[in-house]
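The opening residue of the sequence shown carries number 1 in the working numbering; numbering runs sequentially from there. Backbone N, C-alpha and C define an ideal beta-carbon position, used for all residues, glycine too.
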Amino acid sequence: MLLDSLNRPARDLRISVTDRCNFRCTYCMPFETYEWIEKGEILSFEEIARLARIFIPLGVEKIRLTGGEPLLRRDLERLVEQLSSLPGLQDISLTTNGSLLAEKAAALRSAGLRRLNVSVDTLDPAKFKQMTGRGDLARVLNGLFTAKSLGFDPIKINAVIERGVNDDEILDLVEFARTNGFAIRFIEYMDVGNANNWQTSKMVSKREILDIIRSRYPLQLKGRGHGSAPAVDYALPDGEADLGVIASVTEPFCFSCTRVRITADGKLVTCLFSERGHDLKALLRGGAGDDEISRVICSVWMRREDRYSEQRLEAMQSDGGYKPKDRKKLEMISLGG
Ligand code: SAM
Numbered sequence: 001m002l003l004d005s006l007n008r009p010a011r012d013l014r015i016s017v018t019d020r021c022n023f024r025c026t027y028c029m030p031f032e033t034y035e036w037i038e039k040g041e042i043l044s045f046e047e048i049a050r051l052a053r054i055f056i057p058l059g060v061e062k063i064r065l066t067g068g069e070p071l072l073r074r075d076l077e078r079l080v081e082q083l084s085s086l087p088g089l090q091d092i093s094l095t096t097n098g099s100l101l102a103e104k105a106a107a108l109r110s111a112g113l114r115r116l117n118v119s120v121d122t123l124d125p126a127k128f129k130q131m132t133g134r135g136d137l138a139r140v141l142n143g144l145f146t147a148k149s150l151g152f153d154p155i156k157i158n159a160v161i162e163r164g165v166n167d168d169e170i171l172d173l174v175e176f177a178r179t180n181g182f183a184i185r186f187i188e189y190m191d192v193g194n195a196n197n198w199q200t201s202k203m204v205s206k207r208e209i210l211d212i213i214r215s216r217y218p219l220q221l222k223g224r225g226h227g228s229a230p231a232v233d234y235a236l237p238d239g240e241a242d243l244g245v246i247a248s249v250t251e252p253f254c255f256s257c258t259r260v261r262i263t264a265d266g267k268l269v270t271c272l273f274s275e276r277g278h279d280l281k282a283l284l285r286g287g288a289g290d291d292e293i294s295r296v297i298c299s300v301w302m303r304r305e306d307r308y309s310e311q312r313l314e315a316m317q318s319d320g321g322y323k324p325k326d327r328k329k330l331e332m333i334s335l336g337g
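Set out below in structure tokens:
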């Protein structure tokens, strides 16, 4: 099996299908304009499916489609269909802001998609608009419930918690998930990219999030799914909802990170906090055979020694402190969440 320099396999492939997004989330990509990837540089569905086929024998079991906003990519269901038929792949999922989900859910389901992550950070329409720059909460909720009525399962709500912005809604979000049968993942605000002007003080820690939830619900620790999932999961007493916290800042999990990413323009990225990727598109378009592409992927992965979040915590705990601007990181919008 393919292992990196810290003995981590490449099990989860996250594919960004576009860097475009119709939201401008303050914590992700607040800029109105950005140096978007040119259309001709974006991988075709056939190129993406070819890469997926090459990755599976190397150990990839799961694929998550992401972006930018993946539902902005026209006919995304065609890609889902191509990926669903790949032998050896155990799971396909999609992370979306939900704004186009009501229109797209039926086609995605027919194409073979069963699992969804939908980002909902607040249940207050005005705050939703403020946090997303442009989003309409009613549309997103309509998408969520349409997907539920079509049988998507699980549907996980992703909520990034930012101090002074939506930390007063943690219990409301749990209640919303619990009563409507959604799973929920709270995400510590991360210093991904540089556009969001991240500061430690804006981050609400896993411990604080759990303390708030425990003030109303006793939680039982379940642990990290498959030992390598980003979220640590907890059971609520009635067993109705599945709840987790992704604590990349205060409890980093680099030691078990099995995620490999491909940007919309075909760069292989080995860490969410990477400065750059390795160009696979040039190989795809330059006539390289599958074996050659596979060899390049293996050599990149075998050299992988990323443990950014662990180093960030070490720096945060040191005398010098952590300076988020010291490293120029790829923006989340281009490398996918
Ligand atoms: N547009 C899609 C969406 O909104 O889900 C997919 C891409 S988005 C970059 C993927 C996930 O990353 C979302 O759940 C989003 O909330 C999360 N995210 C973006 N910036 C983040 C940050 N600075 N800290 C923590 N999570 C972040």
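In or out: residue i buried (at least 16 other Cβ within 10 Å) or exposed?
i: L221; result: exposed
i: T33; result: exposed
i: C298; result: exposed
i: L272; result: buried
i: N7; result: exposed
i: N196; result: buried
i: R295; result: exposed
i: E77; result: buried
i: E3; result: Position check: residue 3 holds Leu in this sequence, whereas Glu was assumed. It is exposed - the Cβ of L3 has fewer than 16 other Cβ atoms within 10 Å.
i: P154; result: exposed
i: D191; result: buried
i: T179; result: exposed
i: K206; result: buried
Indicate the three-state DSSP secondary structure (helix, strand or coil) for residue i in the structure shown.
i: E61; result: coil
i: A195; result: coil
i: E188; result: strand
i: N180; result: helix
i: V165; result: coil
i: M131; result: helix
i: S119; result: strand
i: K323; result: coil
i: L338; result: Here the chain comprises residues numbered 1 to 337, so residue 338 is not present and cannot be evaluated.
i: P125; result: helix
i: G239; result: coil
i: V232; result: strand
i: V249; result: coil
i: K206; result: helix
i: G227; result: helix
i: I155; result: strand
i: I37; result: coil
i: D211; result: helix
i: R139; result: helix
i: S16; result: strand
i: R342; result: Missing from the structure shown is residue 342; the chain here goes from 1 to 337 and no further.
i: L2; result: coil
Can you check the segment 261–317 for any alpha helix (DSSP H) of at least 4 residues that lies completely inside it and give the ranges in chain order? 281–285, 290–303, 308–316
Length at least 3, wholly inside the segment 39–107: the beta strand (DSSP E) runs in chain order: 62–66, 91–96
The segment 146–161 contacting the segment 36–56, beta-carbon criterion three pairs below 8 Å: no
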